[in-house]
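Below: one structure, written as structure tokens.
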Amino acid sequence: MQRLKFFLELKAIYCDENKDYKKALILFDSCILLESNSGNIIFLGDLYERQLFVYYNMNLNQLGVKSLFKSIECFKKAGNLDKQGSLYFTLGNIYFMNQQFDKAFLAFVESSQNRIDSFEVSIGWIFAARCLLNTGNLKLAGEYIRKGKSIIYSPTPYQPFYYYSVYGTWLSAMNKKKEALQNFKKAVPLAVKGGQLYQKAATLVDIAEIYIGLKRFDNAKKNLSEAIKIADSVNVIRTAKVRKVF
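This is the structure:
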């Protein structure tokens with residue numbers, strides 16, 4: 002039986018990686034059915050997490066969220082708080098992408114409350130602040146940004162990038178344009194270092210918007226042109242932010 006479960010899981014992963022998502026789902030369902038009676042809660046939680054990403058690749062986010070909650074429940078029963086925190090972070094990102102900012106905020110807070118690594122705790126606070134910026138709660142967003150400031154010392158480039166990006170957005174919303182510009186400029190090389198081309202392009206647009214407000218149009222044009230080149234290079238149709246500025 003154990004060999005059968007192992008074979009089915011490998012086959013499911015293979016089908017997922019080769020974009021045969023329907024077959025992958027059938028195989029993961031079989032694995033979950035076999036594993037449900039084994040008592041191996043952690044392995045079952047892993048299977049539900051893998052199932053989530055198959056649903057995500059099929060744009061079936063609601064079904065994916067159901068699998069994610071099942072995975073969270075498994076790790077909760079197993080007493081693995083850190084893994085719960087990681088899964089809540091994934092949940093927050095799904096809600097954020099679907100513009101469900103209130104739900105995303107709660108998920109990121111839950112993530113930070115369960116993580117062990119201090120940098121993972123801090124990035125949860127920063128992402129929670131980003132949700133609050135989208136709902137217009139600037140005061141509370143500022144509090145969460147301060148809670149997450151230690152992320153600037155993280156060796157992982159994407160983490161301090163998000164601090165400077167979110168803090169810059171908050172400063173801009175507070176009409177502190179020059180301070181916002183300084184933070185956005187700190188964010189750009191971190192995006193490059195982390196290989197985040199889309200985030201670099203979006204930050205360049207943020208910079209351009211500030212330059213437009215300062216009537217420094219040549220600087221704005223330079224940053225916009227670079228952002229568009231990046232967007233084209235990664236096959237991203239000019240983002241809504243770029244179109245808005247134009």
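Here the working numbering is used: the first residue of the sequence shown is 2, the next is one more, and so on. Glycine included, each C-beta is placed from N, C-alpha and C at the ideal position.
In the DSSP assignment, Lys186 falls within the unbroken alpha helix (DSSP H) covering Lys178 to Lys194.
Setting aside the 5 residues that flank it on each side, Asp207 is surrounded in the same chain by Phe185, each with a C-beta closer than 6 angstroms to its C-beta; the list follows chain order. Using a C-beta cut-off of 8 angstroms, the region 209-223 makes contact with the region 176-195, since at least three inter-stretch Cβ pairs fall below that distance.
Scanning Gln101, Phe70, Phe102 and Ile153 for the CA closest to the CA of Ser87 turns up Phe70. The residue from Ala202, Glu227 and Ile127 with its alpha-carbon nearest to that of Asn94 is Ile127. Burial is judged here by how many other beta carbons sit within 10 angstroms of a residue's own beta carbon; Pro156 has fewer than 16 and is exposed.
DSSP places Ser119 in the uninterrupted alpha helix (DSSP H) bounded by Ser119 to Thr136. The continuous stretches of alpha helix (DSSP H) do not include Ile153, and DSSP gives it neither H nor E. The region 132-143 and the region 169-177 touch, with three or more beta-carbon pairs separated by less than 8 angstroms. Residue burial is scored here from C-beta neighbours: Pro161 has at least 16 other C-beta atoms within 10 angstroms and is therefore classed as buried. The C-alpha of Phe29 is placed about 15 angstroms away from the C-alpha of Asn38.
Nearest to Lys148 by alpha-carbon distance, out of Thr136, Val167, Asn41 and Gln197, is Val167.
In the DSSP assignment, Arg116 falls outside any alpha helix (DSSP H) and carries neither an H nor an E.
Counted as a single uninterrupted DSSP element, the alpha helix (DSSP H) harbouring Asn62 occupies residues Asn62 to Ala79.
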